[in-house]
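All residue numbers for the sequence shown refer to our numbering, where the first residue is 1 and numbers rise by one. Glycine residues also receive a C-beta, built at the ideal position from the N, C-alpha and C atoms. Worksheet: the structure to be examined is printed underneath.
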Amino acid sequence: MKLQFEKIEPEAGSSFRVIHNTEPETCRVYWHYHPEYEIVYIPFGNGQRRVGTNVSCYELGELAFIGPNLPHLNFSYGKEGQYEEIVVQMRDDFMGESFLQKPELAAVKRLFERGHTGLTFGAGTKQQVGPWLEELPGQPPFERFLTLLRVLHELADAPDAEPLHANGVRFDLNPKEQDRINRVCQYVELHYAEPIDMNTVADLASLTVPAFCRYFKRMTHLTFTDFVNEYRVNQARRLLYSARTVADVGFAVGFNNLSHFNKTFRAITGQTPSAYRKALVG
Numbered sequence: 001m002k003l004q005f006e007k008i009e010p011e012a013g014s015s016f017r018v019i020h021n022t023e024p025e026t027c028r029v030y031w032h033y034h035p036e037y038e039i040v041y042i043p044f045g046n047g048q049r050r051v052g053t054n055v056s057c058y059e060l061g062e063l064a065f066i067g068p069n070l071p072h073l074n075f076s077y078g079k080e081g082q083y084e085e086i087v088v089q090m091r092d093d094f095m096g097e098s099f100l101q102k103p104e105l106a107a108v109k110r111l112f113e114r115g116h117t118g119l120t121f122g123a124g125t126k127q128q129v130g131p132w133l134e135e136l137p138g139q140p141p142f143e144r145f146l147t148l149l150r151v152l153h154e155l156a157d158a159p160d161a162e163p164l165h166a167n168g169v170r171f172d173l174n175p176k177e178q179d180r181i182n183r184v185c186q187y188v189e190l191h192y193a194e195p196i197d198m199n200t201v202a203d204l205a206s207l208t209v210p211a212f213c214r215y216f217k218r219m220t221h222l223t224f225t226d227f228v229n230e231y232r233v234n235q236a237r238r239l240l241y242s243a244r245t246v247a248d249v250g251f252a253v254g255f256n257n258l259s260h261f262n263k264t265f266r267a268i269t270g271q272t273p274s275a276y277r278k279a280l281v282g
């Protein structure tokens, strides 16, 4: 799927943008990025989130905070029938260049910093801020601004925030460089379940293996091995919702032994696969 840049313009009389979609068909579904932060609120239903290298599932609605220039797919992807979402898009300076330096907004500033690799929130925070977000589309500009500040303050202090660990690539690149890094990422997406040969990947980027390793680290702030491991772990998180054994999940996403899978999964998520699954089912 081709990655596209989305140009976002705030509404007239507002410093940010609010979108209210009530059907999947009203959402333009594509793999995209933009320099704005994004809040996505889905009041009901189950689905899949794809943010950067994170591919995981949500249940009973979703509340996510996505950082700037972090590639993501619309949350309506693959949805049919009844659907609703509220999306808020804002720059980090939408309140003014120095506004986040105010001591009263220290927690909100930290939220923006933590949001660079994505956050998702639990049922408690969804229940608290969901009604506020539902009010946004019908509010006049000033009340809407105050409501958004209230939402950001609540998200900043939310005890149930969970990092998505969603890494992306740099997008201050020219189209040729974007195409090169996208070829590599798409190859991983197609072949993560198999052994990945570095020579093949380096050839896709028209580089030698040592040059490719340096290039990829510069573009993504990850080694290529770390990138592949994170992608595989995020795929595993999705499969752990199923009845498959932990060992089967590990082999299905490309890990060649259970010990390596457990060690890598814990290093990235802070939990073993078994503990992660147990937390899912309560």
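> Which ranges would you report for the alpha helix (DSSP H) in the segment 86 to 148 if only whole runs of at least 4 residues count?
Replying inline: 106 to 114, 123 to 135
>> Does V18 come out as helix, strand or coil in the three-state DSSP assignment?
In response: strand
> How would you write the range of the beta strand (DSSP E) that F75 sits in, first residue to last?
Replying inline: Neither: F75 is in no beta strand (DSSP E) and is coded neither H nor E.
> Quick one: what does DSSP say I196 is sitting in, helix, strand or coil?
Replying inline: coil
> If you run the structure through DSSP and keep just helix, strand and coil, what is R50?
Replying inline: strand
> Secondary structure at P210, three-state DSSP: helix, strand or coil?
Replying inline: helix
> How should A275 be labelled, buried or exposed, when 16 other C-beta atoms within 10 angstroms of its C-beta is the threshold for buried?
Replying inline: exposed
> For the alpha helix (DSSP H) that contains L239, what are its first and last residues?
Replying inline: Counting along the chain, the unbroken alpha helix (DSSP H) around L239 starts and ends at 224 to 239.
> Between A158 and the rest of its own chain, which residues show a CB-CB distance below 6 Å, the 5 nearest in sequence each way excluded?
Replying inline: Result list for A158: F121, T125, in chain order.
>> I believe T22 touches E113 by the beta-carbon criterion, under 8 Å. Please report the beta-carbon distance rounded to the nearest angstrom.
In response: Actually they are not in contact, since the Cβ atoms of T22 and E113 sit about 33 Å apart, beyond 8 Å.
> Do you know how far the Cα of D248 is from the Cα of S259?
Replying inline: 13 Å
>> Going by DSSP, what residue range makes up the alpha helix (DSSP H) through F265?
In response: 258 to 269
>> Quick check: what's the CA-CA separation for G254 versus T208?
In response: Their Cα atoms are separated by approximately 24 Å.
> Leaving out five residues before and five after E162 in sequence, what residues of the same chain have Cβ atoms less than 6 Å from its Cβ?
Replying inline: T120
>> Counting beta carbon pairs with one atom in the segment 58 to 77 and one in the segment 38 to 48, are three or more of them shorter than 8 Å?
In response: yes
> Is L152 closer than 7 Å to V51 when the C-beta atoms are compared?
Replying inline: no
> Given that a residue counts as buried once 16 or more other Cβ atoms are within 10 Å of its Cβ, and exposed if not, what is R144?
Replying inline: buried
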